[in-house]
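Participant: Dumping the structure here so I can ask a few things about it.
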Amino acid sequence: MICRSLFLLTLFILLPLTLRAQTDSVVQAPRSVNEGTMVSLGSRYVKNTYLSDVGYDGVGIGVINERMRIINDRWSRQRTFRIDLASIRNPAGTSSGYAAFIDYSYSLHRRLETSVDGLRLLVGGTGRYLLGTAYRSQGGNNPAVLHAEGDLGLSAAILYGFDLGRRRYPVTVRWQANLPLVGVFFSPHYGQSYYEIFTLGHRAGIVRLGSLHNRFALRSLLTADVPVGPWTMRIGYEADVYQSHTNGIRTHYFGNSILLGVAKEFIPFSGKRVRHNKAFRSAYY
1 MICRSLFLLT
11 LFILLPLTLR
21 AQTDSVVQAP
31 RSVNEGTMVS
41 LGSRYVKNTY
51 LSDVGYDGVG
61 IGVINERMRI
71 INDRWSRQRT
81 FRIDLASIRN
91 PAGTSSGYAA
101 FIDYSYSLHR
111 RLETSVDGLR
121 LLVGGTGRYL
131 LGTAYRSQGG
141 NNPAVLHAEG
151 DLGLSAAILY
161 GFDLGRRRYP
171 VTVRWQANLP
181 LVGVFFSPHY
191 GQSYYEIFTL
201 GHRAGIVRLG
211 SLHNRFALRS
221 LLTADVPVGP
231 WTMRIGYEAD
241 VYQSHTNGIR
251 THYFGNSILL
261 GVAKEFIPFS
271 GKRVRHNKAF
281 RSAYY
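Numbering (this note's numbering), first residue to last: 1 to 285.
Following this line, the structure appears as structure tokens:
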């Protein structure tokens, strides 16, 4: 009777400690950072009526680096940095030019679990800073235009991880879209030279409020993470649309790109080892 009582007392004391240890192990599981670096290659279309009423098209190449990490059980953050360069020509082939853009975005997402195994929804906000230029060889007194803006908007993503085939080959598919809603951007007046702006100080009205009434921008991408040996390859497609009209100037930018790169976790596990290792809390897999 005494032995039975001691056994029950010991079980009563140790059971909560065991459950607490299990809970702590989950809470303290390392929050790995998912990083992907991709090269983009595709078509570009640039039209800025400050330079020409004719649109220029060509080929662009860029580099995209993105990182995603869990903040807590409900939120994750994402940071994306990209560089894009394009060589462009007018339809007649009589004038050429280039376009170059650098942008950085930071997003916070609310993570929504679903009843479908492996399916997660991410909804939140994003902030973006963009700096770029477009140049054409026959531009007269105004051969180049500066593009600079900062904005806030919406961001949404769908992540779906599944095992493919009998060998349980892990694949993660992601669709994501960012839509700027409000911000400020730089725009000279039509026909105004940069000498007037930066030397003579004629700066009235060159910083404009941007919203859906005078600017529309949408960037969406579809990617798939596929483990190949010790690597996780990230392949996909990206569509980029930008239009604005202010100060007598209309701007159009369209890009379509194929993406190819490598993804990894900062606590360096990749491929199958990440998907099937529950000790690490990935924001992506």
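Idealized CB from N, CA, C, for every residue including glycine. Predicted model, so just to flag it, every value in this text is computed and none were measured.
(1) For the alpha helix (DSSP H) that residue 194 lies in, which residues bound it at each end?
(2) With a cut-off of 8 Å, do at least 3 Cβ pairs link the stretch 163–173 to the stretch 196–210?
(3) So residue 99 and residue 174 are supposed to be a Cβ contact under 8 Å. How far apart are they, rounded?
(4) Between residue 114 and residue 160, what straight-line distance do the alpha-carbon atoms span, to the nearest angstrom?
(5) Would you check if the stretch 149–157 and the stretch 120–130 touch, i.e. whether three or more CB-CB distances between them fall below 8 Å?
(6) Pick helix, strand or coil for residue 227, following the three-state DSSP scheme.
(7) Can you find the residues in the same chain that come closer than 6 Å, C-beta to C-beta, to residue 225, ignoring five residues on each side of it along the sequence?
(8) Thinking residue 251 and residue 257 are a contact (beta carbons under 8 Å), I'd like their distance in whole angstroms, please.
(9) In this structure, what does DSSP give as the bridge partners for residue 288?
(10) Can you check whether the CB of residue 138 is closer than 7 Å to the CB of residue 95?
(11) Spell out a yes or no on whether the stretch 70–79 and the stretch 44–59 are touching, meaning 3 or more CB-CB pairs, one atom from each, closer than 8 Å.
(12) So what does residue 65 bridge to, in DSSP terms?
(13) May I ask you to report which of helix, strand or coil DSSP gives residue 208?
(14) For residue 241 and residue 35, I'd like the C-alpha separation in whole angstroms.
(15) Can you tell me which residues form a DSSP beta bridge with residue 103?
(16) Among all the DSSP beta bridges, which residues are the ones paired with residue 176?
(17) Going by the CB atoms, is the gap between residue 177 and residue 220 shorter than 7 Å?
(18) What are the partner residues of residue 170, as DSSP defines its beta bridges?
(19) Per DSSP, which residues does residue 203 bridge with? Please list them.
(20) Restricting to Cα atoms, I'd like to know which of 255, 195, 164, 109 is closest to residue 143.
(21) To the nearest angstrom, how far is the alpha carbon of residue 42 from that of residue 78?
(22) Under 6 Å Cβ to Cβ from residue 179, same chain only, skipping five residues before and after it: list those, please.
(23) Going by other Cβ atoms of all chains shown within 10 Å of its Cβ, with 16 needed for buried, is residue 200 buried or exposed?
(24) So residue 212 packs on residue 260, CB below 8 Å; how close in whole Å?
(25) Output needed for residue 202: all residues of its chain with C-beta closer than 6 Å, excluding positions within five of it in sequence on either side, in chain order.
(26) I think residue 146 touches residue 103, with their Cβ atoms under 8 Å apart; what is that distance to the nearest whole Å?
(27) Let me know if residue 51 comes out buried or exposed under the rule of 16 or more other beta-carbons within 10 Å of its beta-carbon.
Facilitator: From the atom records:
(1) Looking at the DSSP string, the run of the alpha helix (DSSP H) that includes residue 194 is 194–198.
(2) no
(3) Their Cβ separation, rounded to whole angstroms, is 27 Å, which puts residue 99 and residue 174 out of contact at 8 Å.
(4) 11 Å
(5) yes
(6) strand
(7) 172, 232, 234, 263
(8) Their Cβ separation, rounded to whole angstroms, is 19 Å, which puts residue 251 and residue 257 out of contact at 8 Å.
(9) With the chain covering only 1 through 285, there is no way to say anything about residue 288.
(10) yes
(11) no
(12) 37, 81
(13) DSSP places residue 208 in strand when its eight states are reduced to three.
(14) Taking the Cα positions, residue 241 is about 25 Å away from residue 35.
(15) 82, 130
(16) 157, 221
(17) The Cβ atoms of residue 220 and residue 177 sit closer than 7 Å to each other.
(18) 163
(19) Residue 203 pairs with nothing; no bridge assigned.
(20) Its Cα nearest to that of residue 143, the residue 195 stands out among 255, 195, 164, 109.
(21) 24 Å
(22) 153, 154, 218
(23) exposed
(24) About 33 Å; that fails the 8 Å criterion.
(25) 196
(26) Contact doesn't hold; Cβ gap of about 14 Å is too wide.
(27) buried
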